[in-house]
Amino acid sequence: MVYLIGKALVVGTDINVYLYASQQFFKGQNIYSDNPYNFYLYSPLFAALLGLISWMDWQAARVIWLLFNVLLAYRSWVLLGLTFSAWPKLRPRFQSAYAWMLLLVSFGFLNHNFNLGQISVLILWLSLEATWRVQRGQPIRGAALLALGINIKILPLLVGYYWLAKGRVRASVYAGLFTALTLLLPAMLIGWQGNLALHEQWLTRIMPGGDNYVYETTNGCQSLNCLLAAYFYDFPEAELSASYEAARKIARISEPTLSLMLQGSRIALALSILGLVVYSHRRRLPADRVLLWELAYVCLVTLLVFPHQMKYAMLYFVPAGAYVIRYYLTLLSSGEKLRAPEATLGLFSALLMLVLALMGRDIVGDQIVNTLDYYHYMGLVNVLFLGVLWACRPDRFIAE
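When we follow numbering that gives the first Met the number 0, the leftmost residue of the sequence shown carries the number 0, and every step to the right adds one.
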């Protein structure tokens, strides 16, 4: 905490973007332009809510934002544990191993988000908390939380789709209604026309098919529009350095063909969420025992489907990591002998997660990190873990 607070006092990065946009909002300015720190990509409502801290000294504001995110990270940790409450209990040494392994996998992502003052901790917590509330028979509370998340960063939209696939119709309808309400709330402060104008500009910025994010050349991006383009698309030479096209190019596909591939992949991933839910239903798997398996899959799909998901958004990988770690430790704790393919998959998954955990410039150096970024290692891990989750189905050790 001393380290994090010290960083918050002297460095702002993304939180400075939000605080400046909040001040612009209350001055009646366009929050999507003329921000000296970076482009603001989130909702007018989020800028309005940050008015609680944006007018105080920014050092104090950044520390408050940090402490708020630390609390949300802790609550998310608790929620991940609650999703396993219906699972077989782990023996103490395996429970301790689970805690340390999960900390190892998530530490780098948390540290990155805390230091940047990013928003990913908030969005992940809203997704987890909302789904847990709906699971516990509190659809209004869950829907309100999810609506806030959708309003701020749209990513939790797939969680609402997942609820609908699960037959949580009432919660999905409430989430839609609350989302509409949150879009209207800023009008109370800036008027109807001002609110409408800001939302039109925001929509232009965040749409997956928008000019900003059709295909991205940024190596730090982990979304499909970056991943597919890196391996299959010839970018105009003016957009790239000479080294960009080197060894990673598998094939060179025309823009119309790649566009079909990209949109088809997004649709297929969205449908695969439905397939996951259908599988649970047909196998009659208890909802409280498959919750994290399904939600972790939704989080991975979210990272791939939406554009411009950078390294800090990899916090959305943590539920998948938590599930796979707990899956294997549950098998080992029960004394069950792993089959050869299962053991191989476990070692492969552990290696992938270990590289993620060690993928820091202060740990392995710039050259290794730059190489892994060049090949979009994190994006590839997200794709691979979709298959890992399908292989590690909860009915492997849970009776119907």
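We treat Cβ as the ideally placed atom computed from N, Cα and C, and that holds for glycine. Since we're looking at a predicted model, the values are computed, not measured.
Coil, strand or helix - residue i by DSSP
i, result
"ILE252", "strand"
"TYR173", "helix"
"TYR232", "strand"
"HIS111", "helix"
"MET276", "Note that residue 276 is Val in the sequence shown, not Met. Here VAL276 sits in helix by DSSP."
"GLY116", "coil"
"ASN29", "coil"
"THR343", "helix"
"PRO35", "coil"
"ARG90", "coil"
"LYS310", "helix"
"PRO207", "Low per-residue confidence applies at PRO207: pLDDT is 48, beneath 50, and the placement is therefore not dependable enough to give any value."
"THR217", "coil"
"LYS336", "coil"
Bounding residues of the alpha helix (DSSP H) (the contiguous stretch that carries residue i)
i, result
"THR301", "286–304"
"LYS152", "138–152"
"GLN58", "57–81"
"PHE45", "43–48"
"TYR161", "156–164"
"ASP361", "360–363"
"PHE190", "Residue identity differs from the one stated: residue 190 is Gly in this sequence, not Phe. Careful: GLY190 lies outside any alpha helix (DSSP H) and carries neither H nor E."
"PRO393", "No alpha helix (DSSP H) holds PRO393; DSSP gives it neither H nor E."
"TYR322", "317–332"
"LEU40", "Neither: LEU40 is in no alpha helix (DSSP H) and is coded neither H nor E."
"ALA7", "1–9"
Cβ-based burial, residue i [other Cβ within 10 Å; buried from 16]
i, result
"ARG167", "buried"
"TYR326", "buried"
"ASN37", "exposed"
"ASP13", "buried"
"TRP54", "exposed"
"ARG282", "exposed"
"TRP64", "buried"
"PRO87", "exposed"
"ILE249", "exposed"
"GLY345", "buried"
"ALA237", "Any reading at ALA237 needs caution, since the residue's pLDDT is 43, under 50, leaving its predicted position unreliable; the model's value is listed next. When all chains shown are included, ALA237 counts as exposed."
"SER464", "The first residue shown for the chain is 0 and the last is 399, placing residue 464 beyond what the model contains."
"TYR17", "buried"
"PHE384", "buried"
"GLY209", "Only weak support is given to the placement of GLY209: the predicted model assigns it a pLDDT of 49, under 50, and the value that follows is read from those uncertain coordinates. Exposed, by the Cβ-count rule."
Neighbourhood of residue i by C-beta distance below 6 Å, restricted to the same chain and skipping five residues each side
i, result
"MET313", "PHE108 and MET377"
"CYS298", "TYR315 and PRO318"
"ARG265", "VAL304"
"TRP389", "none"
"VAL104", "GLY320, MET352 and ALA356"
C-beta atoms of residue i and residue j nearer than 8 Å
i, j, result
"TYR39", "ILE52", "no"
"LEU223", "LEU303", "yes"
"MET358", "GLY320", "no"
"ALA174", "ALA196", "no"
"PHE106", "LEU328", "no"
"PHE78", "TRP162", "Per the sequence shown, residue 78 should be read as Leu rather than Phe. For LEU78 and TRP162, no; Cβs fall outside 8 Å."
"VAL62", "ALA7", "yes"
"PRO185", "ALA47", "yes"
"LEU125", "GLY159", "no"
"LEU81", "ILE122", "no"
"TYR41", "LYS152", "yes"
"PHE113", "ALA146", "no"
"ILE324", "VAL300", "no"
"CYS220", "HIS111", "no"
"THR181", "ASN150", "yes"
"GLY50", "PHE67", "no"
Own chain partners of residue i with C-beta closer than 8 Å, once the 5 adjacent residues on each side are dropped
i, result
"MET260", "LEU227, PHE231 and ILE252"
Neighbourhood of residue i by C-beta distance below 7 Å, restricted to the same chain and skipping five residues each side
i, result
"ARG360", "VAL368"
"TYR374", "ARG247"
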